[in-house]
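Structure, as structure tokens:
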Amino acid sequence: RIDANGTNTTIATSNGWCNTTSVSLTNLADGNRVINVYANDSYGNLALNNSFVVTVDTTLPLISFNPSTETDSVYLNRNWALVNVTSSDTNLDATRLSWQNVNETFDSNSGSNYWENKTSLSDANYTFFAWNNDSANNRNFTSSRTIIIDTTKPTINITLPEVASSKIYNNGTSINLNFTISDTNGA
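First residue of the sequence shown: 12, per the numbering used here; consecutive thereafter.
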């Protein structure tokens, strides 16, 4: 017989022998659970063979972006971006950043806060999310976010009127303009 915190499971025997090497214990609540393995005979003799503690953990760890993290689809006119998360669990094992589909350890953490300042970024789109897991391998993920780094100024080319012309216009005179504007990110 196996007792897991008051839940008894009887193991079948055949000719006085038990050949079971594993037993599935289901519906145990999260937390530390004492497992006792007993043997008894038909005369009522009872022996405790072994006792041990297992930790049951079916709860996902918590993880979320903090407000200082860049929002999704934001254009940034600088070459850096901050990722900041809160990550917690009773049995937390790891908290990681996935930056451009590469998993990495956060540069800094204090308690349940983890952050990384990505610097020297070139003009491009960057996608990231954070994830964590606990010692029971329960995993959780933030949503994925994409930021657009755009530090390049748009260009303008005026073809009419000619910039080099010294023509003087009277107040109220209509002037024809012809120009083109281009921007790397089309914003």
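All C-beta atoms in this analysis are idealised placements derived from N, C-alpha and C, irrespective of residue type, glycine included.
Judging by CA-CA distance, which residue of the options is the nearest neighbour of residue i?
{"i": "THR153", "options": "TYR54, THR82 and GLY183", "result": "THR82"}
{"i": "ASN148", "options": "SER131, ASN90 and ASP100", "result": "ASP100"}
{"i": "THR130", "options": "LEU93, SER79 and PHE140", "result": "LEU93"}
{"i": "SER62", "options": "ARG44, THR69, ASP52 and GLY55", "result": "ARG44"}
{"i": "PHE190", "options": "PRO172, LYS178 and ILE179", "result": "PRO172"}
{"i": "SER123", "options": "SER155, ALA135, TYR86 and PRO72", "result": "PRO72"}
{"i": "PRO78", "options": "VAL113, ASN95, LEU57 and ILE179", "result": "ASN95"}
{"i": "THR80", "options": "ASN181, SER35 and ALA141", "result": "ALA141"}
{"i": "THR70", "options": "ARG150, GLU115, LYS164 and TRP91", "result": "ARG150"}
Helix or strand or just coil, what does DSSP make of residue i?
{"i": "THR66", "result": "strand"}
{"i": "ASP194", "result": "coil"}
{"i": "ARG89", "result": "coil"}
{"i": "LEU188", "result": "coil"}
{"i": "ASP83", "result": "coil"}
{"i": "THR106", "result": "strand"}
Residue i lies in the beta strand (DSSP E); which residues open and close that run?
{"i": "ALA50", "result": "42-51"}
{"i": "SER98", "result": "92-99"}
{"i": "TYR54", "result": "Looking at the DSSP string, TYR54 is not in any beta strand (DSSP E), and its letter there is neither H nor E."}
{"i": "LEU73", "result": "73-76"}
Measure the CB-CB distance between residue i and residue j and report whether it falls below 7 angstroms.
{"i": "ASN88", "j": "THR162", "result": "yes"}
{"i": "TRP126", "j": "SER119", "result": "yes"}
{"i": "ASP104", "j": "ASP68", "result": "no"}
{"i": "ALA135", "j": "ILE160", "result": "yes"}
{"i": "SER146", "j": "ASN102", "result": "yes"}
Subject >> Contained beta strand (DSSP E) runs [length at least 3] in the region 110-176, N- to C-terminal order >> reply: With a minimum length of 3 residues, the continuous beta strand (DSSP E) runs that stay inside the region 110-176 are 113-116, 119-121, 124-129, 135-145, 150-152, 156-160 and 166-171.
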